Amino acid sequence: MQKRILIVEDEPAIRDMVAFALRKGEFEPVVAGDAREAQSAIADRVPDLILLDWMLPGTSGLELARRWRRESLTREIPIIMLTARGEENDRVGGLEAGVDDYVVKPFSARELLARIRAVLRRSRQDDEEGSVAVGPLRIDGAAHRVFAKVEGSEHPVQIGPTEYRLLHFFMTHAERVYSRTQLLDHVWGGSVYVEERTVDVHIRRLRKTLEPFALDGMVQTVRGAGYRFSAS
Ligand code: CA
């Protein structure tokens, strides 16, 4: 079945170009010009991935990404942000908001499709990966959910897609130190587009995710070496 991709972009020329590229790439494009149209497209049917323009009239792409990461319906949909050159410095802000990847305008259809396929491949791998438990944390691989045991009872952990992959990798490779480059290779699939500081951003987000359960200390910084996930 064709993957459905929602394009949220206010410029009709770019929207049409992207929709055309997606159809050629055997995806099913759905278009929205602003936040309101995007919401109704999602309510109609949840897409497999969202291409989100940074600069939108009214609600910005960044605000939308944040909102979608908070809501259970949209939390796990991968988001690729479309940015103009010069907005690149805002990338960290976008990553903090839970965006999975970026494409800088002007981009080629080939580059866009490559990024989309990489992001979709990553989220599919997650589904195929199994369940794992380390200390008070448990991942239900089939349900794609994380649980934390606090004082004998399990609580669901609200987690973004990249943090989920990162946590899954850590939990299946606990007590070992990994450099940022190694984490990029394992968790991001060695994408040449992702910078090393991206790892730090997602580590920070993962810690914040685990903080309410007082488990953020499981993600340890190893000075000059990288990161380690530890049950102790
Ligand atoms: Ca725009």
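Under full-length UniProt numbering, think of the first position of the sequence shown as 1, with each following residue one higher. Virtual Cβ for every residue (Gly too), placed ideally from N, Cα, C. Quick caveat, the model's predicted, so the values are computed rather than measured.
Distance from the CA atom of GLY98 to the CA atom of SER40, rounded to whole angstroms, is 21 Å.
Restricting attention to THR221, SER153 and ALA38, the CA atom closest to the CA of TYR178 is found in THR221. In the DSSP assignment, MET81 falls within the beta strand (DSSP E) that extends over 79 to 84. Ranking MET17, ARG75, GLU76 and LEU210 by CA distance to the CA of GLY135 puts LEU210 first. Here the C-alpha atom of THR162 lies approximately 27 Å from the C-alpha atom of ILE14.
For a cut-off of 8 Å, the C-beta gap from GLU175 to ARG228 is around 7 Å, short enough to register as a contact. Around the beta carbon of PRO78, a 10 Å sphere encloses 16 or more other beta carbons of the protein chains shown; the residue is thus reported as buried.
The nearest non-hydrogen atom of ligand 1 is 7 Å or more from the C-beta of LEU51. Segment contact: the region 98 to 117 against the region 137 to 157, fewer than three CB-CB distances shorter than 8 Å; contact not assigned.
When the Cα atoms are used, MET55 and ALA35 turn out to be separated by approximately 11 Å. In this structure, the straight-line span from the alpha carbon of ARG180 to that of GLY226 is close to 6 Å. Per the coordinates, the alpha-carbon of ARG70 lies some 16 Å from the alpha-carbon of ALA38.
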